[in-house]
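Residues in the sequence shown are numbered consecutively from 3, following the numbering used here.
A virtual CB, placed ideally from N, CA and C, is assigned to each residue, including glycine.
Down below is the structure, laid out as structure tokens.
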Amino acid sequence: MLAGLAAAAAALAVGAAVAGLVEPAAAPLTAIGSTLIDAAPTPAKEFAVRTFGTNDKPVLLTLVALVVAVLAAVIGLVAWRFRAAALTAIGFLGVIGMVAALARPGADVFWAVPSIASAAVGVGVLLVTTMSATKEPPTTPAAGDQPVETAARRGRRTLLVGLGAGVILAALGSAGTAASNAVRTAGSAARRLLTLPRPGSAAPAIPADAQVAGNTAFSTPTKDFYRVDIALVTPSYSADSWSMQIDGMVDHPTTLSYQQLLALPMIERDITLTCVSNEVGGAYLSTGRWLGVPFSEILKLVGPQQGVKQLFSYSLDSGYTCSTPYQALAKVANAMVAVGLNGEPLTDAHGFPARMLVPGLFGFVSGTKWLKRLEFTTYAQREAYWTKRKWATDAPILTQSRIDVPTSLSTLPKGKPVLAGVAWAQERGIKKVELRVDGGDWKDCKLAADAGIDLWRQWSYVFDGPAGDHTAEVRATDETGNTQPEHRTKVFPSGATGWHSIRFTSV
Ligand SMILES: Nc1nc2c(c(=O)[nH]1)N[C@H]1C(S)=C(S)[C@@H](COP(=O)(O)O)O[C@H]1N2
Ligand SMILES: [Mo]
Numbered sequence: 003m004l005a006g007l008a009a010a011a012a013a014l015a016v017g018a019a020v021a022g023l024v025e026p027a028a029a030p031l032t033a034i035g036s037t038l039i040d041a042a043p044t045p046a047k048e049f050a051v052r053t054f055g056t057n058d059k060p061v062l063l064t065l066v067a068l069v070v071a072v073l074a075a076v077i078g079l080v081a082w083r084f085r086a087a088a089l090t091a092i093g094f095l096g097v098i099g100m101v102a103a104l105a106r107p108g109a110d111v112f113w114a115v116p117s118i119a120s121a122a123v124g125v126g127v128l129l130v131t132t133m134s135a136t137k138e139p140p141t142t143p144a145a146g147d148q149p150v151e152t153a154a155r156r157g158r159r160t161l162l163v164g165l166g167a168g169v170i171l172a173a174l175g176s177a178g179t180a181a182s183n184a185v186r187t188a189g190s191a192a193r194r195l196l197t198l199p200r201p202g203s204a205a206p207a208i209p210a211d212a213q214v215a216g217n218t219a220f221s222t223p224t225k226d227f228y229r230v231d232i233a234l235v236t237p238s239y240s241a242d243s244w245s246m247q248i249d250g251m252v253d254h255p256t257t258l259s260y261q262q263l264l265a266l267p268m269i270e271r272d273i274t275l276t277c278v279s280n281e282v283g284g285a286y287l288s289t290g291r292w293l294g295v296p297f298s299e300i301l302k303l304v305g306p307q308q309g310v311k312q313l314f315s316y317s318l319d320s321g322y323t324c325s326t327p328y329q330a331l332a333k334v335a336n337a338m339v340a341v342g343l344n345g346e347p348l349t350d351a352h353g354f355p356a357r358m359l360v361p362g363l364f365g366f367v368s369g370t371k372w373l374k375r376l377e378f379t380t381y382a383q384r385e386a387y388w389t390k391r392k393w394a395t396d397a398p399i400l401t402q403s404r405i406d407v408p409t410s411l412s413t414l415p416k417g418k419p420v421l422a423g424v425a426w427a428q429e430r431g432i433k434k435v436e437l438r439v440d441g442g443d444w445k446d447c448k449l450a451a452d453a454g455i456d457l458w459r460q461w462s463y464v465f466d467g468p469a470g471d472h473t474a475e476v477r478a479t480d481e482t483g484n485t486q487p488e489h490r491t492k493v494f495p496s497g498a499t500g501w502h503s504i505r506f507t508s509v
């Protein structure tokens with residue numbers, strides 16, 4: 003078993019290190035993990051996101067690694083008897099990694115290299131550890147029989163040498179991966195040192211009283227900005243070699259380099275981004291100050307033709323594609339191809355060099371990161387990644403609200419019994435937020451200043467009930483008069499509905 007585990011550890015570590023040189027997404031574990039993400043049925047994905055949140059990716063990789071470890075231990079046991087079979091099995095695992103890597107969208111033949119290296123290292127380590135395994139089993143050892151003892155000792159020695167080699171290779175591989183990760187991180191930090199142009203139209207100031215003291219920060223720092231995507235390895239691209247193709251049903255198809263994109267008129271806007279996978283009370287929404295080229299300029303540039311129904315966007319990363327309803331795109335003033343977040347170039351995690359944003363639409367139909375191509379088309383011609391998986395086609399952000407203060411199951415401070423939170427209905431605006439305690443009457447909350455239609459709105463409520471344990475529920479009404487329904491739905495296929503509630507204690 004140890005022989006199998008050492009072989010697997012060495013194989014995977016070396017494979018990952020080689021992938022660091024070739025293409026991180028081609029590492030055998032990563033390639034298999036990405037294949038599983040794409041193949042997973044929607045309920046499984048929902049479960050993973052709901053249960054593990056942003057840790058869903060490490061959890062997936064750990065599970066795959068555990069399965070490989072169990073297989074490796076079995077292979078190690080088998081090797082003692084059927085060496086050729088065990089070696090073949092390792093080779094077969096290598097082939098699985100190779101096929102997974104080669105089948106990734108955008109893969110080329112070099113993506114096979116990490117898995118080949120893995121298989122070679124795995125076979126090598128298992129060969130050495132089990133060198134004397136099937137040689138002449140000591141059938142009738144006479145006491146003090148010299149040759150048999152020597153064979154046994156030799157067996158033990160090759161096992162130890164093999165295990166040692168496995169451990170050393172695993173350590174070297176891990177160090178190599180760590181080193182190439184460090185180089186990549188430093189490289190992307192250096193790339194992001196570029197200076198972005200000033201916007202022709204600056205963001206309107208956020209009123210100071212849009213923030214309720216002690217509540218969630220109105221503007222989310224970049225490091226805290228939620229992140230949701232299907233990329234197992236954070237993509238990192240260079241702006242120098244980047245370009246974006248814009249084509250399909252347009253009069254003037256074009257390709258923009260990064261510098262050409264930056265030369266177009268720019269706006270800076272505060273926008274609250276929301277994920278369709280946000281559960282009632284969830285944290286998949288954040289507010290940032292985005293710098294980018296408004297879509298109105300892009301439409302002017304290429305001239306979409308009659309009959310365009312969807313903007314189909316392609317990511318550089320894997321086969322991710324996104325479907326944005328053209329109607330929504332054309333009418334939302336601050337829809338943009340963004341290059342900056344909070345005064346800096348986008349980070350790799352949030353889509354460097356460029357990404358889409360359409361206020362009012364959930365991220366999966368509007369927020370394509372690592373943009374590669376914009377194609378104006380119809381629904382009959384193209385079907386996007388999530389559409390194929392039966393998520394909604396038209397997916398406006400639902401009117402929602404959340405209680406952030408106090409956190410559930412905590413105690414309200416004595417002199418300052420204030421509940422607070424956020425409400426959002428991007429592109430419609432929040433008209434009213436109400437709260438009720440212990441199922442009583444709905445009471446109006448105090449709304450903080452309105453910072454604009456693309457943004458969430460903060461609210462507060464002074465609790466004046468008796469000491470003890472209580473339940474608070476919140477609901478918002480948007481400017482179209484639509485009040486959040488009580489009925490709880492799942493996030494699939496078009497976002498969760500229902501009221502957020504917390505339990506708290508007052509003294
Ligand atoms: N290339 C790519 N872009 C993507 C995704 C993705 O998986 N791949 N996920 C989308 C989803 S579901 C959301 S909610 C937003 C989240 O953007 P953020 O990670 O910058 O917060 O990105 C969108 N853009
Ligand atoms: Mo999302």
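Distance between alanine 181 and leucine 23 (C-alpha atoms, nearest Å): Within the sequence shown, residue 23 is the residue found at index 21, counting from 1. Within the sequence shown, residue 181 is the residue found at index 179, counting from 1. Straight-line Cα distance between these residues: approximately 10 Å.
Check whether the Cβ of serine 238 sits closer than 7 Å to any heavy atom of ligand 1, and report yes or no. Residue numbering aside, residue 238 sits at position 236 when the sequence shown is read from its first letter. Incorrect: serine 238 has no Cβ contact closer than 7 Å to ligand 1.
Restricting to runs no shorter than 4 residues, where is the alpha helix (DSSP H) found entirely within the segment 207–280? 260–264
Alpha-carbon to alpha-carbon, threonine 380 and phenylalanine 297: The residue labelled residue 297 in the question sits at position 295 within the sequence shown. The residue labelled residue 380 in the question sits at position 378 within the sequence shown. The alpha-carbon atoms of phenylalanine 297 and threonine 380 are separated by roughly 18 Å.
Determine, using beta carbons only, whether leucine 376 and leucine 287 come nearer to each other than 8 Å. Here residue 376 refers to the residue found at position 374 when the sequence shown is read from its first residue. Here residue 287 refers to the residue found at position 285 when the sequence shown is read from its first residue. Going by C-beta atoms, leucine 376 is not nearer than 8 Å to leucine 287.
Is glycine 99 near leucine 63, with beta carbons less than 8 Å apart? By one-based count along the sequence shown, residue 99 stands at place 97. By one-based count along the sequence shown, residue 63 stands at place 61. For glycine 99 and leucine 63, no; Cβs fall outside 8 Å.
If contact is defined by three or more beta carbon pairs under 8 Å, each pair taking one atom from either stretch, is the segment 351–371 in contact with the segment 391–408? yes
Please tell me whether, using a cut-off of 7 Å, the distance from the CB of glycine 365 to the nearest non-hydrogen atom of ligand 2 is below it. Residue mapping note: residue 365 aligns to position 363 of the sequence shown, counting from 1. Distances from the CB of glycine 365 to the heavy atoms of ligand 2 include at least one below 7 Å.
Considering only heavy atoms of ligand 3, does any lie closer than 7 Å to the CB of aspartate 396? Among the ligands present in this structure, namely ligand 1 and ligand 2, ligand 3 is not found.
I'd like to check one pair, proline 267 with valine 295: are the Cβ atoms closer than 8 Å? Here residue 295 corresponds to residue number 293 of the sequence shown, with the count starting at 1. Here residue 267 corresponds to residue number 265 of the sequence shown, with the count starting at 1. Closer than 8 Å, so yes.
Continuous beta strand (DSSP E) assignments of at least 3 residues falling wholly in the segment 275–329: 287–296, 312–317, 323–327
Indicate, with yes or no, if ligand 1 has a heavy atom lying under 7 Å from the CB of phenylalanine 314. As a first step, residue 314 is located in the sequence shown; it is residue number 312 there, counting from the start. Flag unset: Cβ of phenylalanine 314 not near ligand 1.
Looking at the secondary structure, which residues open and close the alpha helix (DSSP H) in which isoleucine 34 lies? Looking up residue 34 in the sequence shown gives position 32. Looking at the DSSP string, the run of the alpha helix (DSSP H) that includes isoleucine 34 is 30–41.
How about leucine 79 and glycine 6: do their beta carbons lie closer than 8 Å? The residue given as residue 79 occupies position 77 in the sequence shown. The residue given as residue 6 occupies position 4 in the sequence shown. Closer than 8 Å, so yes.
Return helix, strand or coil for tyrosine 387, following the three-state DSSP convention. Numbered from 1 along the sequence shown, position 385 holds the residue referred to as residue 387. In this structure, tyrosine 387 counts as helix in the three-state DSSP scheme.
Take leucine 264 as the anchor and find which of Gly290, Val339, Ala386, Gly345 has the nearest alpha-carbon. If you number the sequence shown from 1, residue 264 lands on position 262. Answer by Cα proximity: Val339.
Check whether the Cβ atoms of valine 235 and alanine 27 lie closer than 8 Å to each other. Indexing the sequence shown from 1 puts residue 235 at position 233. Indexing the sequence shown from 1 puts residue 27 at position 25. The answer is yes: Cβ separation under 8 Å.
So, at 7 Å on beta carbons, what are the nonlocal neighbours of methionine 3 in its own chain, with the 5 sequence-adjacent residues on each side left out? To locate residue 3, count along the sequence shown from 1; it is residue 1. Once the five neighbours on either side are set aside, the close Cβ partners of methionine 3 are Ala75, Gly78, Leu79.
C-beta atoms of tyrosine 239 and tryptophan 372 nearer than 8 Å: Residue numbering aside, residue 239 sits at position 237 when the sequence shown is read from its first letter. Residue numbering aside, residue 372 sits at position 370 when the sequence shown is read from its first letter. Result yes, Cβ atoms of tyrosine 239 and tryptophan 372 sit closer than 8 Å.
Output the distance between the C-alpha atoms of tryptophan 461 and alanine 335, rounded to the nearest integer angstrom. Indexing the sequence shown from 1 puts residue 461 at position 459. Indexing the sequence shown from 1 puts residue 335 at position 333. Just so you know, the alpha carbons of tryptophan 461 and alanine 335 end up roughly 26 Å apart.
Taking threonine 370 as the reference, give the member of Trp393, Asp319, Glu385 with the closest Cα. Residue 370 sits at position 368 when you count from the first residue of the sequence shown. The residue with the shortest Cα to Cα distance from threonine 370 is Asp319.
Cβ-heavy atom distance between alanine 233 and ligand 1 below 7 Å? Looking up residue 233 in the sequence shown gives position 231. A distance criterion of 7 Å places the beta-carbon of alanine 233 in contact range of ligand 1, judged by its closest non-hydrogen atom.
What span of residues does the beta strand (DSSP E) with isoleucine 455 cover, start to end? The residue given as residue 455 occupies position 453 in the sequence shown. DSSP places isoleucine 455 outside any beta strand (DSSP E), giving it a letter other than H or E.
State buried or exposed for glutamine 486, treating a residue as buried only when at least 16 other CB atoms are found within 10 Å of its CB. For the purposes of this step, residue 486 is identified with residue 484 of the sequence shown, where counting begins at 1. By the 10 Å Cβ count, glutamine 486 comes out buried.
Can you give me the C-alpha to C-alpha distance between glycine 309 and tyrosine 322, rounded to a whole angstrom? In the sequence shown, residue 309 corresponds to position 307, counting from 1. In the sequence shown, residue 322 corresponds to position 320, counting from 1. Going by the C-alpha atoms only, they are around 24 Å apart.
From the DSSP output, in three-state form, read off valine 70 for me. Here residue 70 refers to the residue found at position 68 of the sequence shown. In this structure, valine 70 counts as helix in the three-state DSSP scheme.
Using the C-alpha atoms, what's the distance from alanine 67 back to alanine 81? Within the sequence shown, the letter at position 79 stands for residue 81. Within the sequence shown, the letter at position 65 stands for residue 67. Near 20 Å, if we compare the C-alpha coordinates of alanine 67 and alanine 81.
What residues in its chain sit with their C-beta under 6 Å from that of tyrosine 387, if we drop five residues either side in the sequence? Within the sequence shown, residue 387 is the residue found at index 385, counting from 1. Only Tyr322, Thr323 meet the Cβ criterion.
Could you give the first and the last residue of the continuous alpha helix (DSSP H) run that contains alanine 87? For the purposes of this step, residue 87 is identified with residue 85 of the sequence shown, where counting begins at 1. Looking at the DSSP string, the run of the alpha helix (DSSP H) that includes alanine 87 is 85–105.
Is any heavy atom in ligand 2 found nearer than 7 Å to the beta carbon of valine 513? Because the chain here runs from 3 to 509, residue 513 falls outside it and cannot be looked at.
Selected residue, minimal CA-CA separation from aspartate 480, among Phe220, Ile455, Ala498, Pro107: Locating residue 480 in the sequence shown gives position 478, where the first residue counts as 1. With distances taken between Cα atoms, aspartate 480 lies closest to Ile455.
Can you tell me where the alpha helix (DSSP H) with arginine 357 in it begins and where it stops? Numbered from 1 along the sequence shown, position 355 holds the residue referred to as residue 357. Segment 357–359 is the beta strand (DSSP E) holding arginine 357; no alpha helix (DSSP H) there.
Going by the CB atoms, is the gap between serine 279 and valine 493 shorter than 8 Å? Looking up residue 493 in the sequence shown gives position 491. Looking up residue 279 in the sequence shown gives position 277. Yes; because the gap between Cβ atoms is below 8 Å, this pair is in contact.
Need the endpoints of the beta strand (DSSP E) that alanine 427 sits in, please. In the sequence shown, the residue the question calls residue 427 occupies position 425. Neither: alanine 427 is in no beta strand (DSSP E) and is coded neither H nor E.
Nearer than 7 Å: is that true of the beta carbon of valine 230 relative to any heavy atom of ligand 1? As a working mapping, residue 230 is identified with position 228 in the sequence shown. Here the distance from the Cβ of valine 230 to the nearest heavy atom of ligand 1 is below 7 Å.
Meets three-Cβ-pair contact criterion under 8 Å: the segment 432–447 and the segment 469–480: yes
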